[in-house]
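Chemist: Numbered according to this note's numbering, the sequence shown terminates at residue 132, and the numbering increases by one at each position without gaps.
Each residue gets a CB set at the ideal place from its N, CA and C atoms; glycine is no exception.
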Amino acid sequence: MPKSSAFIQIKQGVLEITSQIPVGRITTYNAIGEHLNVMARHVAYILATLNFEEQQKFPWYRVVADQGIITVGKLNSRYLAQIQHLKQEGIELAAKNHVENFNELFCSPVQLVSWNHSTKHYLDDLDDLDS
C-alpha cells in the first residue's frame, strides 16, 4: 500500500537523523520526534518497520526510549539485535538493559542534523489537500 507524502517526509527525517548518530552514542525516539514535530511513537514505528536493507544501512539500534531504556519487544530478535549492536559499539547496559551513562552518551538531534527540514507540522499538508 502506498504511503502518504507526509509519512514519506517523516520517514526521510527520521532516517536522516538516525544516520548521523555517531558510533557509541545514542538518541531517543522522543528527541527525534520533538525535533521533527511528530510523536515519538511515529519515530518508533518507522524504525520498527524498516526492511532488511534499511536495517543494514541505518543504525536504528542507536535510538532508544527515554532515559536509555531499550523497549523493543523483550526477547524478540530485534530486541536482542539492538542489545548486541550497542554492546559491540562499547555501550554498556545496566540491569534491565538500560543504557549506562545515558546522559553522557545522549546526542540531541539538533547536534546531529544537517537535514534542512521545514518547521511546518506534517499535518499542515492535509490543509493543502482540502483546498
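Less than 9 Å separating the beta-carbons of residue 20 and residue 53?
Modeler: Position 19 of the sequence shown, counting from 1, holds the residue named residue 20. Position 52 of the sequence shown, counting from 1, holds the residue named residue 53. Result no, Cβ atoms of residue 20 and residue 53 do not sit closer than 9 Å.
Chemist: Output the residue ranges of the alpha helix (DSSP H) runs that lie fully inside the region 44-81 and measure 4 residues or longer, sorted by chain position.
Modeler: For the region 44-81, whole alpha helix (DSSP H) runs of length 4 or above, ordered along the chain, are 53-58.
Chemist: Is residue 24 helix, strand or coil by DSSP?
Modeler: The count along the sequence shown starts at 1 and reaches residue 24 at position 23. Here residue 24 sits in coil by DSSP.
Chemist: Who are the near neighbours of residue 37 in its chain, counting only those whose CB is closer than 6 Å to its CB and skipping five residues on each side?
Modeler: Position 36 of the sequence shown, counted from the first residue, corresponds to residue 37. Around residue 37: 14.
Chemist: Enumerate in chain order the residues of its own chain whose CB-to-CB distance from residue 101 is below 6 Å, with the five nearest sequence positions on each side excluded.
Modeler: Walking along the sequence shown from the start, residue 101 turns up at place 100. 93 and 95.
Chemist: According to the neighbour-count rule (16 or more other Cβ atoms, all chains shown, within 10 Å of its Cβ), is residue 83 buried or exposed?
Modeler: Indexing the sequence shown from 1 puts residue 83 at position 82. Per the 10 Å Cβ criterion, buried.
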